[in-house]
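Asks: Residue 188 in numbering that gives the first Met the number 0 sits at position 189 of the sequence shown; the count goes up by one each step and never skips.
By construction, the Cβ of each residue, glycine as well, lies at the ideal position given by its N, Cα and C atoms.
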Amino acid sequence: MADLTPTRLAQRPQLSEEVADHVRTRIMSGEVRPGDFIRLDETAASLGVSVTPVREALLTLRGEGLVDLVPRRGYLVSPMSRQDIEDIFWLQAELSKRIIDRAIPRYEAETLEHHSHLIDDFEAASAAGDTDGVVRAQYAIHRSINRVSCSDKLSRFLGNAARYMPYRLYAQDPEWRANALEDNRRMLEALRAGDVDAAHAVVDDEFSAGAQLLVEHLDRAGVWDEAREPEAAAQA
0 MADLTPTRLA
10 QRPQLSEEVA
20 DHVRTRIMSG
30 EVRPGDFIRL
40 DETAASLGVS
50 VTPVREALLT
60 LRGEGLVDLV
70 PRRGYLVSPM
80 SRQDIEDIFW
90 LQAELSKRII
100 DRAIPRYEAE
110 TLEHHSHLID
120 DFEAASAAGD
130 TDGVVRAQYA
140 IHRSINRVSC
150 SDKLSRFLGN
160 AARYMPYRLY
170 AQDPEWRANA
180 LEDNRRMLEA
190 LRAGDVDAAH
200 AVVDDEFSAG
210 AQLLVEHLDR
220 AGVWDEAREP
230 EAAAQA
């Protein structure tokens, strides 16, 4: 289980977004399960904030389909299936490949050198076991590709889909870090060679492995609504 120890958050304009990220991570990592209630007062107290940003955050998560509002009782975590996870990662892979298609012709020596340094940052954070550093470095690597692609709207769509990923869960896994470092290096070589097919292969490997890791983690956490699983529906 990922280390999701609550952190007191300062009062900032984007506070409700940070609270939403915190609760979203708890849901997607299986720390809270479908059918569990998210208590406004408890969540606010654990984060050191008022109830208002928590309420705003839960409204955001309701719009994302992660929580449901039960009249006079509050918010509870929505059902989730293996197919939901697979769909989230499929969407990220498809959007990423589209962005890669646009980014590759735009790469120049300077941007390739910058990308290489970002991978060095990832490697250093991974070797140090710095979970937050790994998360920041991997985010910077993907953001670099997005920026080079000059596809602002598409990158925003990808960013919205990526919110569902519990990044710390991945970053704390030494095997995932080693595989991610290899994928990052493979992507750099594809960018240098202008090899779209090789870049697509990296994307497919990255997101299929990410989906498998999360599905296996949530299997162990026992979060699935089996009635929503395709195989269960087929047998009904």
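Which same chain residues, not among the five before or five after S154, have their C-beta less than 6 Å away from its C-beta?
Replies: Counting from one through the sequence shown, the residue named residue 154 turns up at place 155. Once the five neighbours on either side are set aside, the close Cβ partners of S154 are N145.
Asks: Below 8 Å between beta carbons: does that hold for L60 and V22?
Replies: Taking the sequence shown and counting its residues from 1, the one referred to as residue 60 is at position 61. Taking the sequence shown and counting its residues from 1, the one referred to as residue 22 is at position 23. In contact: L60 and V22 (Cβ atoms closer than 8 Å).
Asks: For Q137, does the count of other Cβ atoms within 10 angstroms reach 16, so buried, or fall short, so exposed?
Replies: Start at 1 with the first residue of the sequence shown, and residue 137 comes out as number 138. Around the Cβ of Q137, a 10 Å sphere holds 16 or more other Cβ atoms; the residue is buried.
Asks: Output the residue ranges of the alpha helix (DSSP H) runs that lie fully inside the stretch 10 to 36 and measure 4 residues or longer, sorted by chain position.
Replies: 14 to 27
Asks: For A69, write down the residues that DSSP places opposite it in a beta bridge.
Replies: Here the question's residue 69 lines up with position 70 in the sequence shown. Before going further, note that residue 69 is Val rather than Ala in the sequence given. Paired residues: G73.
Asks: Specify the secondary structure class of M186 as computed by DSSP and reduced to three states.
Replies: To locate residue 186, count along the sequence shown from 1; it is residue 187. Looking at M186 - three-state DSSP - the assignment turns out to be helix.
Asks: Give the single residue among D131, E107, K96 and A220 whose Cα lies nearest to the Cα of A200.
Replies: Within the sequence shown, numbered from 1, the residue matching residue 200 stands at position 201. Measuring from the Cα of A200, the nearest candidate turns out to be K96.
Asks: Would DSSP call A160 helix, strand or coil?
Replies: As a working mapping, residue 160 is identified with position 161 in the sequence shown. In the structure shown, A160 falls within a helical segment according to DSSP collapsed to helix, strand and coil.
Asks: Can you list, in chain order, the stretches of the alpha helix (DSSP H) that have 4 or more residues and sit fully within the stretch 109 to 149?
Replies: 130 to 148
Asks: Going by C-alpha distance, which of M27, E188 and F156 is nearest I118?
Replies: Within the sequence shown, residue 118 is the residue found at index 119, counting from 1. The option with the nearest alpha carbon to I118 is E188.
Asks: Taking G158 as the reference, which of Q82, I87 and S45 has the closest Cα?
Replies: Working through the sequence shown from its first residue, we reach residue 158 at position 159. Minimum Cα distance to G158 is reached at I87.
Asks: How is R191 classed by DSSP in three states: helix, strand or coil?
Replies: As a first step, residue 191 must be located in the sequence shown, where it is residue number 192. Three-state result, R191: helix.
Asks: Mapping DSSP to helix, strand and coil, what is L106?
Replies: Indexing the sequence shown from 1 puts residue 106 at position 107. Looking at the sequence shown, residue 106 is not Leu but Tyr. It is coil, neither helix nor strand.
Asks: Quick one: what's got a C-beta closer than 7 Å to P12's C-beta in the same chain, skipping five residues either side?
Replies: Working through the sequence shown from its first residue, we reach residue 12 at position 13. Note that P12 scores 49 on pLDDT, short of 50, meaning its location in the model is unreliable and no value can be drawn from it.
Asks: Is D203 helix, strand or coil when you go by DSSP?
Replies: Here residue 203 refers to the residue found at position 204 of the sequence shown. Three-state DSSP puts D203 in a helix.
Asks: By Cβ distance below 8 Å, which residues in the same chain neighbour V18 in space, the five residues on each side in sequence not counted?
Replies: Mapped onto the sequence shown, residue 18 falls at position 19. L8, T42, L46, V48, P52, V53, E55 and A56.
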